[in-house]
Amino acid sequence: MKSREDVLHALAPLRQILRIPDDLMGFLPVARRLEPVLASLLTIVDEDQQQLLSDVLGSLGRVLEYPDLILNCFPEASGGGRKILKGYYSSHPHYCVFWHACASPELEKQYDALVVSLFAVQMRLDRDREVPAPPSDPAYMVGLSLRQLTDLPDPSVSAFLFNLPLRPLQPQALLIHFDTQLTRLGLKPQVTGPMRNIGYVHRALQWFETGVWEVKGHEQTGKAGTHRAARHGATEHAQPSRSIPRVLTAADDVNGIAVTEFVDDDRGVRSNDKDLEFSPPADAARRGVLVTVPPRAASASNRADRRGLARNIGRYTAQAIALGNQNLPVTHSTLSGHELQLLLTLIDDLGGPGWEDVAEADRATVAAWAASRLFLCRPADATSQLRVVRSGKAANENDLDPGRSPTHITWIPVRGLVWLPVESPRHVAPVCQGEPTVRTLPVARSFAIRTPPLLGRALSRVEPVGHRVFQRSYEPEFSQVLSAINLARGLALTPERIGRMLSRFMAQLGGQDRVYELYFRGMPPNQHNPCVYSAVSVHALQALHVKACLRMYGLAGRPDLVTENMPVLGNVVADEEIFVGSMHVPTRASVRSTVRAAIDTVRRLASEAHVSFVEQHNAYTAYLAFFLLATTGLRAVSSLLPARFDVDGTTGLCFVSDKDNHAYEQARVVWLHPTLLRQLSEYSAHVTRLRQYLALVSSQGINHLDGQARTPRMSGHASPNRTDDLALLDKEGGPTLFLLTAEGGQLTPTFPAELQSLLGDTWQLRLGALRHFVRTELLRLAIPGEAINAALGHGERGEAPWGSLSSLPPIPWRQRLGSAFAQIILDSGFEALPSPLLRSTGRP
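Under numbering that gives the first Met the number 0, the final residue of the sequence shown carries the number 843; numbering is consecutive throughout.
So this is what it looks like as structure tokens:
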């Protein structure tokens with residue numbers, strides 16, 4: 000071996016059983032400790048795994064012949080005086096176990112045998128872990144427990160460790176030995192306190208046997224008040240001979256932190272954190288510290304709290320970056336071209352690699368299950384209910400189940416269709432009276448897609464019993480096949496990744512909007528706010544599924560699966576376009592007719608003589624409110640624009656806090672179209688004219704209007720207080736939009752019910768339906784999902800429009816929304832109307 004590439008090539012077999020860092024940090028000591036472990040493991044594994052282990056041992060032996068090359072090409076462990084694998088303990092917990100040696104020489108044989116016995120357990124934990132890993136990741140906790148297991152154990156723990164077997168055992172046999180010794184010594188495998196490390200190892204063994212991580216019997220050691228484990232660095236079972244009390248007083252004379260140091264403790268628990276590996280030298284003085292911290296300073300003074308906060312910030316940052324990376328064509332949620340090629344070959348060829356451990360009688364059914372999970376993207380419980388209808392008369396959903404949509408996935412091979420049920424949001428459909436009776440988009444509870452050829456061939460190989468294709472769930476067999484492929488190829492295929500892949504492609508192809516993914520998968524829409532406000536076209540779902548399949552075939556290098564005739568299905572239920580999702584989305588015709596009726600009302604009141612200025616003003620305000628809600632997606636609240644200074648007339652940006660908390664944490668910025676800004680300017684001129692009318696009938700109304708010219712002193716970003724700000728605006732400011740009472744001309748808020756009554760019988764929906772209208776229209780106009788979510792305040796973590804990790808700059812965001820809202824304004828017939836008071840000849 001002469002180069003780094005030669006070493007990496009030689010270690011290819013090792014990557015199949017152990018996830019190693021790309022830079023091989025500290026690899027030389029790991030390899031030296033790993034070699035005897037694998038040699039011992041060779042004696043207890045099955046015969047079919049011995050060849051792989053032999054190859055790994057051979058490659059390790061060849062690499063260890065060149066220690067100088069390893070040290071030159073790969074970094075040693077980092078740190079100060081004591082080298083550690085900082086940064087790798089959570090990402091590569093199994094690898095880090097072999098970097099650390101047994102801390103107690105008298106327990107070396109037991110510890111070595113334990114590491115060998117747990118190799119398969121840790122390998123499976125490492126393979127099945129989530130990305131990014133949660134704080135209590137099982138793989139990390141088991142690795143941490145093994146590293147700490149022999150580090151100055153408690154006397155009861157020492158008795159247990161000395162009775163561990165000296166030879167490696169199978170995990171099942173080791174679990175029996177654990178249970179026997181725990182019963183004999185009267186111990187409980189608790190996951191806190193002195194038994195924490197043994198408790199996590201015991202839990203991992205039970206998980207390996209049962210497949211369930213939360214195992215009964217691993218109790219906590221008690222409430223915080225009776226917790227025996229040390230807190231704030233205090234030693235457990237300490238019998239100090241001398242105490243040294245001190246008080247640390249802050250510079251601002253706040254309550255100090257009381258510190259009591261105990262000397263000559265029994266070393267029951269060391270106050271070091273093995274997660275960061277910074278323990279003091281072995282000959283350091285043994286001390287214990289009891290810290291009493293005031294409540295306000297507890298979080299800042301507790302080292303564990305600071306580390307937990309740092310981990311949370313790091314995890315949230317990683318999640319934000321991961322959300323931004325969803326624009327990449329291949330993510331962890333999707334599959335690479337190599338993985339897709341193996342999967343499609345597995346479904347098509349029942350005699351190929353991966354089927355060795357599956358009985359021939361079950362291979363066709365498991366392949367059909369795999370194809371259904373891949374192409375239909377439904378969960379395992381829904382896939383197990385897949386029905387087949389052989390009759391060619393079942394041309395639509397009413398023939399499948401008279402009077403209602405099919406509640407199960409239904410395959411109609413004669414027509415080449417698969418019907419997929421969809422769950423609608425949990426809200427009541429609106430009831431409208433008069434003509435026309437239908438003022439919302441038609442919503443169905445199922446839709447059909449064209450059966451992909453590979454799915455059709457896989458399902459045709461299965462002989463159904465009655466109408467059911469699968470008599471039970473074949474997820475365990477499918478997982479077994481994937482595990483064999485993963486072990487042989489070094490992959491990480493899981494049924495969950497496969498079951499979400501095509502739907503993720505659909506979301507990417509549909510402008511990065513997850514509503515396509517979630518509705519295609521049949522997920523409950525109320526778990527995702529954008530789904531509640533969206534009506535998704537069935538035509539769009541069908542087209543995106545075809546495009547996603549084509550993209551999958553291209554990545555997999557399988558042009559033979561692309562058929563020349565893959566048209567998007569016409570609607571087989573009715574002649575009109577059908578949607579799935581929200582039942583509150585008004586049609587474009589309904590919005591257009593309402594706009595036309597409101598404009599006609601304003602102009603009629605402006606031209607008629609002897610019309611009350613209150614009636615003119617309220618009709619004008621209702622039109623502006625409808626204009627504002629239908630082109631911004633604001634929530635229909637009683638104060639649509641609390642203050643005039645919330646709107647920047649130069650940029651069109653508007654500060655909105657319509658559903659917020661005390662600290663403005665849910666506030667957002669929306670963009671107003673220039674036509675809407677002109678309408679607001681016309682309304683401002685209207686209010687100026689209105690002062691002359693109010694001066695005759697309502698002096699209190701004049702005072703409220705005078706408040707519009709003042710700018711109250713609001714709270715700042717350093718100490719926001721939305722409650723006080725709203726109270727101040729109500730007292731000193733003046734509303735931008737307001738209604739007038741019929742008697743006395745008093746100013747009242749723009750209550751949604753009042754506005755709805757002013758719009759007349761043409762509009763019989765809630766004003767909140769316009770928020771559904773805006774999101775559905777933006778979806779129809781192919782606006783990216785992140786831009787829609789930013790406008791409606793539905794951004795998830797990492798999707799804040801202008802956050803530090805955002806990939807959505809303000810100028811492109813405004814340009815995308817500008818073109819869409821211009822089209823909505825044009826289709827709906829909105830225009831900037833002058834004040835009816837300026838054109839009226841009537842008297843107040």
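Note that beta-carbon positions come from the ideal geometry of N, C-alpha and C, so glycine has one too.
Nothing here was measured: the structure is a model prediction, and the numbers come from that model.
- Query: Which whole-angstrom value is the C-beta distance of Ser581 and Pro424, which I expect to be below 8 Å?
  - Reply: Taking the Cβ atoms as the reference, Ser581 lies roughly 6 Å from Pro424, within the contact range of under 8 Å.
- Message: Residues in the same chain with beta-carbon distance under 6 Å from Asp826, minus the five sequence neighbours each way, listed in chain order, please.
- Response: Cβ neighbours of Asp826 beyond the five flanking positions: Arg587.
- Query: Does the beta-carbon of Ser240 have 16 or more other beta-carbons within 10 angstroms, so that it is buried, or is it exposed?
  - Reply: Annotation note: pLDDT 41 at Ser240 (below 50); position unreliable, coordinate value reported separately. Around the CB of Ser240, fewer than 16 other CB atoms lie within 10 Å, so the residue is classed as exposed.
- Per DSSP, Phe446 is paired with what? Looking at the DSSP assignment, Phe446 forms a beta bridge with Leu419.
- Message: Closest to Ala821 by C-alpha separation, out of Thr674, Ala789 and Asp760, would be which residue?
- Response: For the options Thr674, Ala789 and Asp760, the alpha carbon positioned closest to that of Ala821 is the one of Thr674.
- Item | Alpha carbon of Pro494 to alpha carbon of Lys546, nearest angstrom | About 22 Å.
- Message: Taking the beta carbon of Phe161 as the centre, do at least 16 other beta carbons fall within 10 Å, making it buried, or is it exposed?
- Response: The residue is exposed, with fewer than 16 neighbouring Cβ atoms inside 10 Å.
- Determine the contact status of Leu492 and Leu481, defining contact as a CB-CB distance below 7 Å. At a Cβ-Cβ threshold of 7 Å, Leu492 and Leu481 count as neighbours.
- Query: Who are the Cβ neighbours of Val461 in its own chain at under 7 Å, not counting the five residues just before and after it?
  - Reply: Only residues of its own chain outside the window of five on either side were considered, and among them Ala363, Thr364, Ala367 and Val468 have a CB closer than 7 Å to the CB of Val461, listed in chain order.
- Query: Apart from the five residues just before and just after Val200, which ones in its own chain have a Cβ nearer than 6 Å to its Cβ?
  - Reply: Around Val200, the same chain offers Ser144 as residues with beta carbons nearer than 6 Å, after the five sequence neighbours per side are excluded.
- Query: Could you give the C-beta distance for Arg386 and His407, rounded to a whole number, given that I count them as a contact under 8 Å?
  - Reply: Indeed they touch by this definition, with Cβ atoms about 5 Å apart.
- Message: Per DSSP, what are the beta-bridge partners of Leu124 in this structure?
- Response: DSSP, once it has assigned bridges, lists no residue as partnering Leu124.
- Task: Tell me whether Glu516 is buried or exposed, calling it buried when 16 or more other Cβ atoms sit within 10 Å of its Cβ.
- Result: By the neighbour-count criterion, in which 16 or more other beta carbons inside 10 Å mark a residue as buried, Glu516 falls on the buried side.
- Item | Per-residue burial, Ser105 [other beta carbons within 10 Å of its own, 16 or more giving buried] | Note on identity: in this sequence residue 105 is Glu, with Ser being the wrong assignment. Exposed, by the Cβ-count rule.
- Task: Quick one: residues in its chain with C-beta nearer than 6 Å to the C-beta of Trp762, no 5 flanking neighbours on either side, listed in chain order?
- Result: Answer for Trp762: Thr593, listed in chain order.
- Query: Applying the criterion that 16 or more other CB atoms from any shown protein chain within 10 Å of the CB defines a buried residue, is Asn660 buried or exposed?
  - Reply: A residue is called buried once 16 or more other Cβ atoms fall within 10 Å of its Cβ, and Asn660, having fewer, is exposed.
- Query: Helix, strand or coil: which one does DSSP assign to Pro585?
  - Reply: Under the three-state reduction of DSSP output, Pro585 falls in the strand class.
- Query: Below 8 Å, can you find three or more Cβ-Cβ pairs linking the segment 95-109 to the segment 190-197?
  - Reply: At 8 Å Cβ cutoff, the stretches do not touch.
- Under 8 Å by Cβ, that's how I've got Ile577 and Pro441 pegged, so tell me the actual separation to the nearest angstrom. At roughly 6 Å, the Cβ-Cβ gap stays under 8 Å, so Ile577 and Pro441 are in contact.
- Query: By Cβ distance below 7 Å, which residues in the same chain neighbour Thr344 in space, the five residues on each side in sequence not counted?
  - Reply: Excluding positions up to five away in sequence, the list reads Gly351.
- Message: For Arg667, report the span of its beta strand (DSSP E) as first-last.
- Response: Run containing Arg667: Arg667 to Trp670, per the beta strand (DSSP E) assignment.
- Message: According to DSSP, simplified to helix, strand and coil, what is Ile823?
- Response: Reduced to three states, the DSSP call for Ile823 is helix.
- Message: Let me check understanding here. Comparing Cα to Cα, which of Val535, Asp599, Gly715 and Ser502 lies closest to Met551?
- Response: Of the listed residues, the one whose Cα sits closest to Met551 is Ser502.
- Query: Just checking, does the segment 597-617 make contact with the segment 733-742 on the three C-beta pairs under 8 Å criterion?
  - Reply: The segment 597-617 makes contact with the segment 733-742; the number of CB pairs closer than 8 Å reaches 3 or more.
- Message: Taking the straight line between their C-alpha atoms, what separation do you get for Leu13 and Lys658?
- Response: Straight-line Cα distance between these residues: approximately 54 Å.
- Query: Residue range of the beta strand (DSSP E) that Leu764 falls in?
  - Reply: Counting along the chain, no beta strand (DSSP E) covers Leu764, and no H or E run does either.
- Query: Is the number of C-beta pairs between the segment 709-729 and the segment 635-644 that are closer than 8 Å three or more?
  - Reply: Flag = yes, the segment 709-729 and the segment 635-644 touch.
- Val156 in three-state terms, based on DSSP: In the three-state scheme derived from DSSP, where H, G and I count as helix and E and B as strand, Val156 is classed as helix.
- Are the beta-carbon atoms belonging to Thr382 and Pro452 less than 7 Å from one another? If you check the CB distance, Thr382 and Pro452 do not come in under 7 Å.
- Ignore the nearest five residues each way along the sequence and tell me which others in Arg438's own chain have a CB closer than 7 Å to its CB. Within the same chain, Arg438 has close Cβ partners Cys431, Pro585, Thr586, Ser589, Gln763 and Leu764.
- Query: Closest by CA to Ile782, which one among Leu766, Pro751 and Ser818?
  - Reply: Comparing Cα positions, the closest option is Ser818.
- State the beta-bridge partners of Ser536 as determined by DSSP. In the DSSP assignment, Ser536 forms a beta bridge with Phe578.
- In terms of residue numbering, what span does the alpha helix (DSSP H) encompassing Ile175 cover? Element bounds for Ile175: Pro170 to Leu184.
- Task: Starting from Thr674, follow the beta strand (DSSP E) in both directions and report where the run begins and ends.
- Result: Annotation for Thr674: no beta strand (DSSP E) segment contains it, though the alpha helix (DSSP H) segment containing it runs Pro673 to Val696.
- Message: Can you check which of these residues, Arg721, Asn528 and Asp599, is closest to Gly794 by C-alpha distance?
- Response: Nearest neighbour of Gly794 by Cα position, chosen from Arg721, Asn528 and Asp599, turns out to be Asn528.
- List the residues that DSSP assigns as beta-bridge partners of Thr747. Thr747 is bridged to Leu738.
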